[in-house]
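Chains as they are written, first to last, in the UniProt record's numbering: chain A, 1 to 204; chain B, 1 to 204.
We treat Cβ as the ideally placed atom computed from N, Cα and C, and that holds for glycine.
Since the structure comes first, as structure tokens, the remarks are kept for the end.
There are 2 protein chains.
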Amino acid sequence: MSDPIDFYFDFASPYGYFASLRIDALAAAHGRSVTWRPILLGAIFKVTGMKPNLEQPLRGEYLTHDVGRIARLTGAPFIFPDSAPVNGVAASRAFYWLTDAHPEQAKLLARALYHAHFGEGRNIGPADVVAEIAEQTLGSLGYDRSAVLAALGDQTVKDRLRGETEQAVARGVFGSPFVLVDEEPFWGWDRLDMLDRWLSSGGW
Amino acid sequence: MSDPIDFYFDFASPYGYFASLRIDALAAAHGRSVTWRPILLGAIFKVTGMKPNLEQPLRGEYLTHDVGRIARLTGAPFIFPDSAPVNGVAASRAFYWLTDAHPEQAKLLARALYHAHFGEGRNIGPADVVAEIAEQTLGSLGYDRSAVLAALGDQTVKDRLRGETEQAVARGVFGSPFVLVDEEPFWGWDRLDMLDRWLSSGGW
């Protein structure tokens, strides 16, 4: 089996959310698994000089219109959150706290967080919201809310998120979603079809 | 027959070039014609605070890689121009000078300019290069190089380009290519398939 593909995303990114609903099935159809890697675009924008799309004149309005259109096209549950762009630090840390020991549950948690934010419009910025969603999602692992809250403040977990974001920059990641297939980069939800062709053909 | 769709592009934009090779056939398949509207992204970036992709760290490198990949996928002639990002003022003015009286020849000229730049890697910034290409393309209309050069300095032509760019901003255009179908916006070469679906279905 080939190497897993890397799926970089920011929890604040609606295009990352739409991609998260498709990426595993897309990869599986080509015998590939997917390593999810939440990152903080805010830190990356300091390197690139970019700004959040929502804060850019004209582009922000386009995005607001566009995401509703994508939701209708794909049937994805979608409520534009009042809290956008949300701070994804707590959500990302919760993911990395879990992913080495329990990779599937970490993905399940990421999906639950993304769904809460963009599917239900909830603000997933606060640590206690992340902890509540984690407790509901990870009940079978025996983690309660206080364990999650403790993990969010753990230095190893903090360093992991910082390291993943730095590594993303080193690999050329500048947006969300951003997929690397054997280092071949695909930026944007609107490139998933091209990614599909790339995986089918082995590149061109 | 429905209204023409508006195709906004900057001559400096490789994604605009790739879109220019497909947009008329795509629209024609749905009984639509296309109004081409070259604009100056440099002026629009002053409104939005964006920078040319090529000048953004990481994103510039991605673009350079990506456009070669698109050329191989689509079979489009492509040589990355040393002069990128080119100044599209002269090319755009030549187009608007011609488009009211001779819309089809104006498109022919735009195609020739885009081909010279991205298909052959030529620098189409200088007025005399634009005039040379226009003379070759428009020979049947009886325009020689000096008539084109005179037109490039004509105040009416200058005002037209400025006005088109201002109108683009007023309509929400912030990048290239940017297509408006009855005011529904589609940004990017990678949205042409979505545009195709939109035209097929009448929207969703």
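Less than 8 Å between CB atoms is the rule here; does residue i satisfy it with respect to chain A?
| i | result |
| --- | --- |
| Lys46(B) | no |
| Arg59(B) | yes |
| Phe9(B) | no |
| Lys51(B) | yes |
| Arg72(B) | yes |
| Trp204(B) | yes |
| Asp182(B) | no |
Which one of the options has the shortest CA to CA distance from residue i?
| i | options | result |
| --- | --- | --- |
| Gly203(B) | Leu180(B), Arg122(B), Glu61(B) and Glu104(B) | Leu180(B) |
| Asp10(B) | Ser140(B), Asp24(B), Gly42(B) and Lys51(B) | Gly42(B) |
| Ala94(B) | Pro185(B), Asp3(B), Met194(B) and Leu161(B) | Leu161(B) |
| Ser20(A) | Gly119(A), Thr48(A), Pro57(A) and Asp154(A) | Gly119(A) |
| Pro77(A) | Asp193(A), Thr48(A), His117(A) and Met194(A) | His117(A) |
| Tyr143(B) | Glu183(B), Ile23(B), Gln105(B) and Gly49(B) | Gln105(B) |
| Pro38(B) | Arg145(B), Ala168(B), Thr74(B) and Arg32(B) | Ala168(B) |
| Gly75(B) | Arg22(B), Pro85(B), Gln56(B) and Val86(B) | Arg22(B) |
| Thr48(B) | Val47(A), Gly139(A) and Gln56(A) | Gln56(A) |
| Ser201(A) | Thr64(B), Leu73(B) and Phe174(B) | Leu73(B) |
| Ser176(A) | Ser2(A), Trp187(A) and Asp182(A) | Trp187(A) |
| Ser2(B) | Asp193(B), Glu183(B) and Ala147(B) | Glu183(B) |
Does residue i come within less than 8 Å of chain B when only Cβ atoms are used?
| i | result |
| --- | --- |
| Val167(A) | Before going further, note that residue 167(A) is Gln rather than Val in the sequence given. It does not; no Cβ of chain B falls within 8 Å. |
| Asp190(A) | yes |
| Gly172(A) | yes |
| Gln155(A) | no |
| Tyr62(A) | yes |
| Pro185(A) | yes |
| Asp6(A) | no |
| Asp100(A) | no |
| Asp24(A) | no |
| Asp193(A) | yes |
| Gln56(A) | yes |
Using C-beta distances below 6 Å, list every residue in its chain close to residue i, excluding the 5 sequence neighbours before and after it, in chain order.
| i | result |
| --- | --- |
| Gly121(B) | Ile79 and Pro81 |
| Ala90(A) | Ala127, Val130 and Leu152 |
| Ala27(A) | Ile5 and Val34 |
| Ala112(A) | Ile133 and Thr137 |
| Thr99(B) | Ala106 |
| His30(A) | Leu199 |
| Ile70(B) | Phe18 |
Pick helix, strand or coil for residue i, following the three-state DSSP scheme.
| i | result |
| --- | --- |
| Glu184(A) | strand |
| Val34(B) | strand |
| Tyr8(B) | strand |
| Phe178(A) | strand |
| Arg72(B) | helix |
| Pro81(A) | coil |
| Arg171(A) | coil |
| Tyr62(B) | helix |
| Trp204(A) | coil |
| Gln105(A) | helix |
| Val86(B) | coil |
| Tyr143(A) | coil |
| Met50(B) | coil |
| Arg160(A) | helix |
| Gln56(A) | coil |
| Leu195(A) | helix |
| Asp190(B) | helix |
| Leu40(B) | coil |
| Glu135(B) | helix |
Taking the Cβ atom as the reference point for each residue, do residue i and residue j lie within a distance shorter than 8 Å?
| i | j | result |
| --- | --- | --- |
| Trp189(A) | Tyr15(A) | yes |
| Tyr17(A) | Phe178(A) | no |
| Ala12(A) | Gly68(A) | no |
| Leu40(A) | Ser92(A) | yes |
| His102(A) | Leu141(A) | yes |
| Trp97(B) | Asp154(B) | yes |
| Asp66(A) | Asp193(B) | no |
Leaving out the 5 sequence neighbours to the left and right, which residues in its chain are closer than 7 Å to residue i when beta-carbon positions are compared?
| i | result |
| --- | --- |
| Ser83(A) | Asn123 and Gly125 |
| Lys107(A) | Trp36 |
| Gly172(B) | Pro185 |
| Pro85(A) | Ala12, Pro52 and Leu54 |
| Asp24(B) | Val34 |
| residue 231(A) | Limits of chain A in this structure are 1 at one end and 204 at the other, which puts residue 231(A) out of reach. |
| Gly60(A) | Asn53 and Leu54 |
Beta-carbon within less than 8 Å of residue i's beta-carbon, same chain only, minus the 5 sequence neighbours each way: which residues are those?
| i | result |
| --- | --- |
| Phe45(B) | Lys51 and Pro52 |
| Leu109(B) | Ala94, Phe95, Leu98, Ile133, Ala134, Thr137 and Leu138 |
| Leu157(A) | According to the sequence as given, residue 157(A) is Val; it is not Leu. Correct list, in chain order: Arg93, Tyr96, Trp97 and Ala151. |
| Leu149(B) | Ala127, Asp128 and Ala131 |
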